[in-house]
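Its first residue numbered 31, the sequence shown is counted upward by one per residue in our numbering. Using N, Cα and C, we set each Cβ at its ideal position, and we do this for glycine too.
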Amino acid sequence: MKVFKSALLLHSELANQRKMGRSIGFVPTMGALHEGHLALVERAREGNDTVVCSIFVNPRQFNDAQDLQAYPRSIEDDMEKLMAAQVDILFLPEYADVYGADDVHETIDLNGLDHVLEGRQRPGHFQGVAQVVKRFFEQVQPNRAYFGQKDFQQTVVIRRLLNLHFPDIQLVVCPIIRESNGLAMSSRNERLSTDGRNKAGFIFHTLLRLRERCHFKSLQESLEISRDYLQSKKGVTLEYLEAVDGLTMKTVQDLEDASNIVAVVVVQFEGVRLLDNIILKNAAGN
Ligand code: PAF
Numbered sequence: 031m032k033v034f035k036s037a038l039l040l041h042s043e044l045a046n047q048r049k050m051g052r053s054i055g056f057v058p059t060m061g062a063l064h065e066g067h068l069a070l071v072e073r074a075r076e077g078n079d080t081v082v083c084s085i086f087v088n089p090r091q092f093n094d095a096q097d098l099q100a101y102p103r104s105i106e107d108d109m110e111k112l113m114a115a116q117v118d119i120l121f122l123p124e125y126a127d128v129y130g131a132d133d134v135h136e137t138i139d140l141n142g143l144d145h146v147l148e149g150r151q152r153p154g155h156f157q158g159v160a161q162v163v164k165r166f167f168e169q170v171q172p173n174r175a176y177f178g179q180k181d182f183q184q185t186v187v188i189r190r191l192l193n194l195h196f197p198d199i200q201l202v203v204c205p206i207i208r209e210s211n212g213l214a215m216s217s218r219n220e221r222l223s224t225d226g227r228n229k230a231g232f233i234f235h236t237l238l239r240l241r242e243r244c245h246f247k248s249l250q251e252s253l254e255i256s257r258d259y260l261q262s263k264k265g266v267t268l269e270y271l272e273a274v275d276g277l278t279m280k281t282v283q284d285l286e287d288a289s290n291i292v293a294v295v296v297v298q299f300e301g302v303r304l305l306d307n308i309i310l311k312n313a314a315g316n
């Protein structure tokens with residue numbers, strides 16, 4: 031695995047690869063890698079000649095300084111995992127390598143996606159994500175980019191970014207990887223106690239029951255039952271549970287309102303924000 035800290039050197043290495051006709055798959059991360067990330071790498075490995083992974087904890091996407099400071103960092107462990115997963119190139123930039131010495135903040139028109147749900151809870155978060163991913167796409171110029179369904183709204187933001195600026199890059203959204211109790215894998219799970227981590231499977235089980243229920247009760251009634259259940263659980267604060275159009279993130283009232291519908295949920299448990307989602311309906315009619 032070749033490691034690049036400088037965007038310039040990375041750029042020239044990738045220009046050579048492209049000249050040789052090699053396709054490039056890109057997996058951006060903030061480190062603290064788990065099986066969810068490695069599944070993205072595996073998909074990138076299957077679909078491309080060269081796999082590039084980045085590790086950069088992007089300050090611009092944290093609206094809370096404490097959250098940024100508490101974000102887990104485990105670079106040596108991460109590098110071992112990436113080598114074992116046969117990543118070809120690791121990009122490990124510093125802030126100035128990503129944003130340039132002039133540190134320009136370019137506002138990206140996210141068509142309101144940055145002000146709803148996760149965007150409303152974390153002002154500035156999706157602007158920060160879009161800005162860093164835009165810089166990475168300019169630097170790496172991949173054929174395909176890999177993101178996890180776990181951060182569902184982020185995938186919608188990235189699709190918007192691609193439509194605006196990078197129509198030739200293919201977005202590959204990979205399924206959520208879960209722990210054995212159903213908890214969606216996340217770097218933040220490390221902040222849960224062992225007991226909390228064992229119990230946190232209730233989030234996915236609530237989503238599964240919601241998906242079942244909304245086929246024999248109305249969507250709104252089903253959501254209300256699931257919200258009441260989550261709110262009744264000890265130690266749980268429900269931030270939101272909504273059914274949204276999977277292309278626009280607009281809330282839907284009924285399963286007939288859109289062809290792709292996703293239930294998105296965020297709860298706080300042991301002081302950790304846990305995100306999850308489940309597809310209630312997709313364009314294929316499943
Ligand atoms: O999903 C993440 O880890 C981050 O939001 C990303 C896409 C690497 C941008 O910093």
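Flag Met50 as yes when its Cβ comes closer than 7 Å to any non-hydrogen atom of the ligand PAF, and as no otherwise. Against the sequence shown, residue 50 aligns to sequence position 20. No, the beta carbon of Met50 sits no closer than 7 Å to any heavy atom of the ligand PAF.
Taking only heavy atoms of the ligand PAF into account, decide whether any of them is closer than 7 Å to the Cβ of Asp144. Walking along the sequence shown from the start, residue 144 turns up at place 114. The closest heavy atom of the ligand PAF lies 7 Å or more from the beta carbon of Asp144.
Where does the unbroken beta strand (DSSP E) through Ile105 begin, and where does it stop? Here the question's residue 105 lines up with position 75 in the sequence shown. That residue, Ile105, is in no beta strand (DSSP E); its alpha helix (DSSP H) goes Ile105 to Ala114.
How far does the beta strand (DSSP E) with Ser289 in it extend, from its first residue to its last? Within the sequence shown, residue 289 is the residue found at index 259, counting from 1. Segment: none, Ser289 is in no beta strand (DSSP E) and carries neither H nor E.
Since Leu253 contacts Leu240 with CB under 8 Å, what's their CB separation in whole angstroms? Residue mapping note: residue 253 aligns to position 223 of the sequence shown, counting from 1. Residue mapping note: residue 240 aligns to position 210 of the sequence shown, counting from 1. With 8 Å as the limit, Leu253 and Leu240 qualify as a contact, their Cβ atoms being about 7 Å apart.
Cβ atoms of Met31 and Leu98: under 8 Å apart, would you say? Here residue 98 refers to the residue found at position 68 of the sequence shown. Here residue 31 refers to the residue found at position 1 of the sequence shown. No; because the gap between Cβ atoms is not below 8 Å, this pair is not in contact.
The beta strand (DSSP E) with Arg174 in it runs from where to where? For the purposes of this step, residue 174 is identified with residue 144 of the sequence shown, where counting begins at 1. Taken as a continuous stretch (DSSP letters only), the beta strand (DSSP E) holding Arg174 covers Arg174 to Gly178.
Asp181: CB within 7 Å of a non-hydrogen atom of the ligand PAF: The residue labelled residue 181 in the question sits at position 151 within the sequence shown. True, at least one ligand heavy atom lies under 7 Å from that Cβ.
Given a threshold of 16 other Cβ atoms within 10 Å of its Cβ, counted over all protein chains shown, does Gln181 qualify as buried or as exposed? Numbered from its first residue, the sequence shown carries residue 181 at position 151. The sequence given here places Asp at residue 181; Gln does not occur at that position. Asp181 comes out buried.
Alpha carbons only, please: which of Leu68, Phe56, Gly178 and Ala115 is nearest the one belonging to Asn78? Reading the sequence shown from its first residue, position 48 is the one you call residue 78. Considering only alpha carbons, the answer is Phe56.
Could you tell me which whole alpha helix (DSSP H) segments of length 4 or greater appear in the region 236 to 266? If only complete runs of 4 or more residues are kept, the region 236 to 266 shows the alpha helix (DSSP H) at 249 to 262, in order along the chain.
To the nearest angstrom, how far is the alpha carbon of Lys247 from that of Leu237? For the purposes of this step, residue 247 is taken as residue 217 along the sequence shown, with counting starting at 1. For the purposes of this step, residue 237 is taken as residue 207 along the sequence shown, with counting starting at 1. One C-alpha to the other measures close to 15 Å.
Between Met279 and Leu147, how many whole angstroms is the CB-CB distance? I'm expecting something under 8 Å. In the sequence shown, counting from the first residue as 1, residue 279 sits at position 249. In the sequence shown, counting from the first residue as 1, residue 147 sits at position 117. At roughly 6 Å, the Cβ-Cβ gap stays under 8 Å, so Met279 and Leu147 are in contact.
DSSP three-state assignment for Tyr125, whether helix, strand or coil: To locate residue 125, count along the sequence shown from 1; it is residue 95. Helix at Tyr125.
With a threshold of 8 Å on Cβ separation, who are the neighbours of Ala62 within its own chain once the five nearest residues in sequence on each side are excluded? Walking along the sequence shown from the start, residue 62 turns up at place 32. Counting only Cβ-Cβ distances below 8 Å, and skipping sequence neighbours, we find Tyr101, Pro102, Arg103, Ser104, Asp108, Ser217 and Glu220.
Are the beta-carbon atoms belonging to Asn88 and Val203 less than 8 Å from one another? On the sequence shown, position 58 is the one that residue 88 refers to. On the sequence shown, position 173 is the one that residue 203 refers to. No; because the gap between Cβ atoms is not below 8 Å, this pair is not in contact.
Can you tell me whether Pro153 is buried or exposed, with buried defined as 16 or more other CB within 10 angstroms of its CB? Walking along the sequence shown from the start, residue 153 turns up at place 123. It is exposed - the Cβ of Pro153 has fewer than 16 other Cβ atoms within 10 Å.
Who are the Cβ neighbours of Asp127 in its own chain at under 8 Å, not counting the five residues just before and after it? Your numbering for residue 127 matches position 97 in the sequence shown. Around Asp127: Lys35, Ser36 and Ala37.
By Cβ distance below 6 Å, which residues in the same chain neighbour Thr80 in space, the five residues on each side in sequence not counted? Residue mapping note: residue 80 aligns to position 50 of the sequence shown, counting from 1. Gln47, Arg52, Ile54 and Asp118, listed in sequence order.
Going by the CB atoms, is the gap between Leu310 and Leu271 shorter than 8 Å? What you label residue 271 is simply residue 241 of the sequence shown in a count that begins at 1. What you label residue 310 is simply residue 280 of the sequence shown in a count that begins at 1. No.
Using 10 angstroms around the beta-carbon of Asn307, count the other beta-carbons present and answer buried if the total reaches 16, otherwise exposed. Locating residue 307 in the sequence shown gives position 277, counting from the first residue. Asn307 comes out buried.
Considering Ser321, what are the terminal residues of the alpha helix (DSSP H) in which it resides? Residue 321 cannot be examined here, being either before or after the span of the chain that is shown, 31 to 316.
Expected contact under 8 Å - CB spacing of Gln179 and Pro205 to nearest Å: Counting from one through the sequence shown, the residue named residue 179 turns up at place 149. Counting from one through the sequence shown, the residue named residue 205 turns up at place 175. With 8 Å as the limit, Gln179 and Pro205 qualify as a contact, their Cβ atoms being about 6 Å apart.
Identified DSSP bridge partners for Val297: Start at 1 with the first residue of the sequence shown, and residue 297 comes out as number 267. According to DSSP, Val297 bridges with Leu268 and Leu304.
Which value, in whole angstroms, describes the spacing of the CA atoms of Val296 and Lys49? As a working mapping, residue 296 is identified with position 266 in the sequence shown. As a working mapping, residue 49 is identified with position 19 in the sequence shown. Straight-line measurement puts the Cα of Lys49 at about 44 Å from the Cα of Val296.
Is Pro58 near the ligand PAF, in the sense that its beta carbon is under 7 Å from a heavy atom of that ligand? Within the sequence shown, residue 58 is the residue found at index 28, counting from 1. At least one heavy atom of the ligand PAF is nearer than 7 Å to the Cβ of Pro58, so yes.
So, for Asn290: in the same chain, excluding its five sequence neighbours on each side, which residues have a beta-carbon less than 8 Å away from its beta-carbon? Translated into the one-based positions of the sequence shown, residue 290 becomes position 260. Within the same chain, Asn290 has close Cβ partners Asp275, Gly276, Leu277, Ile309, Lys311, Asn312 and Ala313.
Own chain partners of Val33 with C-beta closer than 7 Å, once the 5 adjacent residues on each side are dropped: In the sequence shown, counting from the first residue as 1, residue 33 sits at position 3. These residues qualify, in order along the chain: Leu120 and Leu122.
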